[in-house]
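Data first, discussion second: the structure below is written as structure tokens.
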Amino acid sequence: MSFVPGLGIAKGMALTLRRFFEPKVTVMYPEVRLDPPPKFRGRLQLLYDEWGTIKCETCFQCAQACPIECIDMGGVDTRGRFHVHWGAPETYDERREESALRRSGRPVPDPAYRPFEAVDLTTLDAILDEYDHDPAHMLAILEATQAAYGYLPVATLKRISQRTGAWYAMIYGTASYYRHLRFEPAQAARQAAAVDA
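Everything in the sequence shown is counted per our numbering, starting at 1 for the first residue and increasing by one.
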């Protein structure tokens, strides 16, 4: 193979001239916005309630759903008994606040919101005694609670969490999975549906 002086420079200049006349691929964001691709899942954002308190309850659902496993969470359970971790080495501290229950499982406020009422918890204590405060019977506990109160008041969910040691996320996950369980009285749920429509 013979060495031709300046061949590399000529090839480089030819590539430059070829690319010079192609259309620009740079998008002048934010003036010009592209349509998101079909599999775009949105930007990660923590939810806050109307008082500015973060609503993350460390349920690990975002870490489980992340397709490239870039979300990492960790913390301790509500009673501080054992460390819980999901994902790669821990990066973020978790926040376990009761304010995560303030809105009946809804991520944003709505017109049907009203402050939570005081609830007599003696009926719930009898239900918990019947199931030996065992979180393995969470569905049965929640069904009995709804049968007693007509819905699942926030105060009962807090008491279930305190007495059984179950996380709020476990209680909400169980209650929101089953359609027959509801977080609001039937009348408030009908009003919220009418407002949303």
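Where a beta carbon is used, it is the ideal one built from N, C-alpha and C, also for glycine.
Next on the checklist: Considering just the uninterrupted stretch of the alpha helix (DSSP H) at residue 160, what are its terminal residues?
Outcome noted: 154-164
Checklist entry - residue 66: beta carbon under 6 Å from a heavy atom of the ligand GTP? => result Summarising the ligand content, the structure contains no ligands, and the ligand GTP is consequently not present.
Checklist entry - In whole angstroms, what separates the C-alpha of residue 176 from that of residue 35? => result 33 Å
Next on the checklist: residue 128 and residue 163 - do their beta-carbons sit closer together than 7 Å?
Outcome noted: Yes, they are a contact pair.
Item to check | Local conformation of residue 127 per DSSP, three classes | outcome: helix
Checklist entry - Less than 7 Å separating the beta-carbons of residue 124 and residue 174? => result no
Next on the checklist: Using C-beta distances below 7 Å, list every residue in its chain close to residue 166, excluding the 5 sequence neighbours before and after it, in chain order.
Outcome noted: Excluding residues within five positions, the ones whose Cβ falls inside 7 Å are 135, 138 and 160.
Next on the checklist: According to DSSP, simplified to helix, strand and coil, what is residue 204?
Outcome noted: The chain is shown from 1 up to 197; residue 204 falls before or after that span and cannot be answered.
Checklist entry - Between the C-alpha atoms of residue 61 and residue 171, what's the straight-line distance to the nearest angstrom? => result 14 Å
Checklist entry - In terms of alpha-carbon separation, which member of 181, 17 and 22 lies closest to residue 153? => result 181
Item to check | Residue from 118, 186 and 132 with nearest C-alpha to residue 147 | outcome: The candidate whose alpha carbon is nearest that of residue 147 is 186.
Item to check | Cβ pair residue 151, residue 184 closer than 7 Å | outcome: yes
Next on the checklist: Tell me which residues share the same chain as residue 68 and place their Cβ nearer than 8 Å to its Cβ, disregarding the 5 neighbours each side in the sequence.
Outcome noted: none
Next on the checklist: So residue 131 and residue 140 are supposed to be a Cβ contact under 8 Å. How far apart are they, rounded?
Outcome noted: 6 Å
Checklist entry - In the structure shown, what three-state DSSP assignment does residue 70 receive? => result Coil, per DSSP.
Item to check | Extent of the continuous alpha helix (DSSP H) to which residue 177 belongs | outcome: 168-177
Item to check | Through-space distance from residue 70 to residue 20, alpha-carbon basis | outcome: 38 Å
Checklist entry - What's the C-alpha gap between residue 142 and residue 65? => result 26 Å
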